[in-house]
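Enquirer: Structure below; questions to follow.
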Amino acid sequence: MKVQVRNVPPEGLHIEGEDTGVELDVSGEHLKALGPVHYSLDVGLSGDGLFATGTLEVELERECVNCLEKFTYPLRVADFATQVELNGQEIVDLTPQVREDILLNLPNYPRCDWDGRKVCEGALKFRKTAGDTAERELPAPASEAWNELDKLRVKKRK
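Going by my numbering, 111 is the number at position 94 of the sequence shown; the sequence numbering is gapless.
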């Protein structure tokens, strides 16, 4: 995703499109882009730098942490923002910043039932094997915890 500095007018520039050149390869991660990164960015010049703000969207293939099935996850970065020092450059490549924001917006524990359209088989197996014991081991409701804290008498400092 390259921007030619000389094409950016003083009032800024809006660019939209898609970029297939964003590599998301992460060792150990089960992550694959299913298509190009779609972008809608406002680009401008500020002092000796170029800034870009806008949105990024990409369809990803992820692996569920419960059942290990692959599923499609549409990632949307609604608040992409970056500033790059020009240092005399005529062309600025925003690909590293775009890649970084996409990776930072990934869910830590991807689940195939993220949108509620599917029931994760791995989660169902856990619930069936845990049975009633899992319910008994759950912590007390938050309201009970607050009731106990309300009973504490705290001395005020002078």
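In this text, a Cβ means the ideal position worked out from N, Cα and C, and glycines have one as well.
Taking all protein chains shown into account, do 16 or more other C-beta atoms lie within 10 angstroms of the C-beta of I108, making it buried, or fewer, making it exposed?
Expert: Flag for I108 reads exposed.
Enquirer: Can you grab the Cα-Cα spacing for the pair T72 / K49, in whole Å?
Expert: Those two C-alpha atoms are separated by around 20 angstroms.
Enquirer: For the stretch 97 to 104 against the stretch 23 to 38, do three or more pairs of beta-carbon atoms, one drawn from each stretch, fall closer than 8 angstroms, so that the two count as touching?
Expert: No, because fewer than three Cβ pairs between the stretch 97 to 104 and the stretch 23 to 38 fall closer than 8 angstroms, the two stretches do not touch.
Enquirer: Counting pairs of beta carbons, one from the stretch 110 to 117 and one from the stretch 128 to 140, are three or more of them closer than 8 angstroms?
Expert: At 8 angstroms Cβ cutoff, the stretches do not touch.
Enquirer: Is the beta carbon of I119 sitting closer than 8 angstroms to the one on V75?
Expert: Contact flag set, yes.
Enquirer: According to DSSP, G105 sits in a beta bridge with which residue or residues?
Expert: Answer is none; G105 lacks a bridge partner.
Enquirer: Give the range of the beta strand (DSSP E) segment to which R174 is assigned.
Expert: Here R174 belongs to no beta strand (DSSP E), and DSSP marks it neither H nor E.
Enquirer: Helix, strand or coil for D59 per DSSP?
Expert: Looking at D59 - three-state DSSP - the assignment turns out to be strand.
Enquirer: Go through its chain and collect everything with a Cβ distance to R116's Cβ below 8 angstroms, but skip five positions before and after it.
Expert: For R116, where only same-chain residues beyond five positions count, the Cβ hits under 8 angstroms are V39, E40, L41.
Enquirer: Is D96 near the ligand HEM, going by C-beta to nearest heavy atom under 7 angstroms?
Expert: With respect to the ligand HEM, the structure shown offers nothing to examine, as it has no ligands at all.
Enquirer: If you draw a straight line from the C-alpha of V60 to the C-alpha of D96, how long is it?
Expert: Distance between the alpha carbons of V60 and D96: 14 angstroms.
Enquirer: Using DSSP bridges, identify the partner residues of D65.
Expert: In the DSSP output, where bridge partners are listed per residue, D65 has none listed.
Enquirer: Note down, in chain order, each residue of its chain lying with its Cβ closer than 7 angstroms to the Cβ of E78, except the 5 sequence neighbours on either side.
Expert: Excluding residues within five positions, the ones whose Cβ falls inside 7 angstroms are K49, L51, K87, T89.
Enquirer: Quick check on the burial criterion: 16 or more other C-beta atoms within 10 angstroms. Buried or exposed for L166?
Expert: It counts as exposed.
Enquirer: So, is I54 buried or exposed, given that buried needs 16 or more other C-beta atoms within 10 angstroms?
Expert: Note on residue identity: the sequence assigns Val, not Ile, to residue 54. Classification for V54: buried.
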